[in-house]
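First the structure, in the form of structure tokens, and then the observations on it.
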Amino acid sequence: SDAELHDRIRAAKATLGDRVVVLGHFYQRDEVVEHADFVGDSFQLANAALTKPDAEAIVFCGVHFMAETADLLSKPEQAVILPNLAAGCSMADMADESSVEECWEQLEEVYGDLATPGADGRVPVIPVTYMNSSAALKGFVGRNGGIVCTSSNARTVLEWAFERGQRVLFFPDQHLGRNTAKAMGVPLEQMPMWNPRKALGGNSAEELTHARVILWHGFCSVHRRFTVDQIEQARREHPGVQVIVHPECPMPVVDAADAAGSTDFIVKAIAAAPAGSTFAIGTEINLVQRLAAEHPEHTIFCLDPVVCPCSTMYRIHPGYLAWVLEELVAGRVVNRITVPDTVADPARLALERMLAAKP
Ligand code: 13P
Ligand code: SF4
80 SDAELHDRIR AAKATLGDRV VVLGHFYQRD EVVEHADFVG DSFQLANAAL
130 TKPDAEAIVF CGVHFMAETA DLLSKPEQAV ILPNLAAGCS MADMADESSV
180 EECWEQLEEV YGDLATPGAD GRVPVIPVTY MNSSAALKGF VGRNGGIVCT
230 SSNARTVLEW AFERGQRVLF FPDQHLGRNT AKAMGVPLEQ MPMWNPRKAL
280 GGNSAEELTH ARVILWHGFC SVHRRFTVDQ IEQARREHPG VQVIVHPECP
330 MPVVDAADAA GSTDFIVKAI AAAPAGSTFA IGTEINLVQR LAAEHPEHTI
380 FCLDPVVCPC STMYRIHPGY LAWVLEELVA GRVVNRITVP DTVADPARLA
430 LERMLAAKP
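Sequential numbering from 80 applies to the sequence shown in UniProt numbering.
Right, dumping it as structure tokens:
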């Protein structure tokens, strides 16, 4: 039963004490979040992995790319464990290393040697990958003078990139790239999309010459469901409602909302509001429902009336959490995520550039 599972998790954690730290992303279900030592957005969880140097094991209740990142940032002897190895991210899977390498070669044909700075001291293109990508892609970025961003620091990172490059190749999420660059004043006609199935990504050499941000064609299947119609309906039905959405939503949705930001931004905006506020939130349902339960002084609902969980985040069932913890008690490490050294060194470089980039 559920109660038994929770008792098993508690007992295993009590036995392990400081030897284990359990991290939980905001999108995890409540039954998992209640056992997490730290809950946060993907940027905070990357830092959390750094702040527990004494734990032998980091159990990451989130998705695969987050566990890889924790492995990159933790000490070599620390084991990072993903309770269910099937917890991936469909957006991260939309940019694979070979397609990005191929894109890079084609860009070289248009812009010339990508490592040689032009007269303004900047190289032709800086690659930027969203945290929601494989370690292999973070490695690609690290090898090619690029950097990682999350939804909470995308603007700071793009500013870093424009100091060093004339343009940015941004992957995998077109929406985060477009929304961030638009807020920085980059015109839409200078943000071509790159379709890896077409020559030059489906663009002319002329279009690419004028490009400032080249957007990979990836998206999040949860966040692309939100619409401007839903925002209009929320405003009709709840006068005074504040609409806050995640920047993985399509541009018209972000433009129509009152604010857009990472999961942590959403959590903090709600916590700071005067009692009696009404919020319509455009992000994953587990977080929205938890916020509604934690803030009875507000009215909080999801913009999308049809429940929209992240199906892969949901694959971290408490049963898997109990299993990996009990295995640790028995001295066995299961479901360990390790990034090979050849990938890890450049990937870590790209992450460290992000952690050092200041607004
Ligand atoms: P955050 O960076 O806001 O935690 O978002 C992660 C994510 O997967 C959003 O879909
Ligand atoms: Fe990936 Fe979207 Fe799920 Fe985030 S919400 S883990 S981007 S599929």
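Just so it is clear, CB atoms sit at the ideal spot from N, CA and C, and this is done for glycine as well.
- L84 sits away from A136, with the two beta carbons spaced by 9 Å or more.
- The beta carbon of Q253 sits closer than 7 Å to the beta carbons of M272, L294, W295, H296, G297 and F298 from its chain, once the five residues preceding and following it are set aside; these are given in chain order.
- Restricting attention to alpha helix (DSSP H) runs no shorter than 4 residues, the stretch 147-213 encloses them at 176-190, ordered along the chain.
- P206 sits close to L248, with the two beta carbons spaced by under 9 Å.
- A residue is listed when its beta-carbon falls short of 7 Å from at least one non-hydrogen atom of ligand 2; in chain order these are Y106, V142, C168, S169, M170, A171, N211, C299, S300, V301, H302, E327, E363, C389, T391 and M392.
- Of all alpha-carbon atoms in V101, S80, D97 and A82, the one lying nearest the alpha-carbon of V403 is that of V101.
- Around the CB of T288, fewer than 16 other CB atoms lie within 10 Å, so the residue is classed as exposed.
- Relative to ligand 1, even the nearest heavy atom lies 8 Å or more away from the CB of H396.
- With a cut-off of 8 Å, the C-beta of S213 is classified as distant from ligand 1, since no heavy atom of the ligand falls inside that distance.
- The beta carbon of Q309 sits closer than 7 Å to the beta carbons of L382 and D383 from its chain, once the five residues preceding and following it are set aside; these are given in chain order.
- With respect to the 9 Å criterion, R427 and L152 are classified as neighbours on the basis of their beta carbons.
- Cβ-Cβ distances below 6 Å link Q321 to D337 and F358 in the same chain, with the five nearest sequence neighbours on each side left out; the list follows chain order.
- The three-state secondary structure of Q107, taken from DSSP, is coil.
- In the same chain as E406, and ignoring 5 residues on each side of it, the C-beta atoms closer than 6 Å to its own belong to V413, in chain order.
- The alpha-carbon separation between R315 and A198 amounts to approximately 54 Å.
- When DSSP assignments are scanned along the stretch 232-318, the uninterrupted stretches of beta strand (DSSP E) that are 3 or more residues long and fall wholly within it turn out to be 244-250 and 292-295.
- Here G355 carries a coil assignment [DSSP, helix/strand/coil].
- Collapsing the DSSP output to three states places G119 in a strand.
- The closest CA to that of H104, considering only A409, M392 and D424, is found on M392.
- Of V142, V99 and H377, the smallest CA-CA separation from D172 is found for V142.
- About 19 Å separates the beta carbon of S300 from that of S178, a gap too long to meet the 8 Å contact definition.
- Around the C-beta of G280, 16 or more other C-beta atoms lie within 10 Å, and the residue is accordingly described as buried.
- For the set T378, V265, T259 and V236, the Cα lying nearest the Cα of P318 is the one of T378.
- Judged by DSSP secondary structure, A336 falls outside any beta strand (DSSP E); it is assigned neither H nor E.
- Per DSSP, A136 is one residue of the beta strand (DSSP E) stretching across A136 to C140.
- The Cβ atoms of C182 and P162 lie no closer than 9 Å to each other.
- For G221, the three-state secondary structure derived from DSSP is helix.
- The beta-carbon separation of V204 and R246, rounded to 5 Å, stays under the 8 Å limit for a contact.
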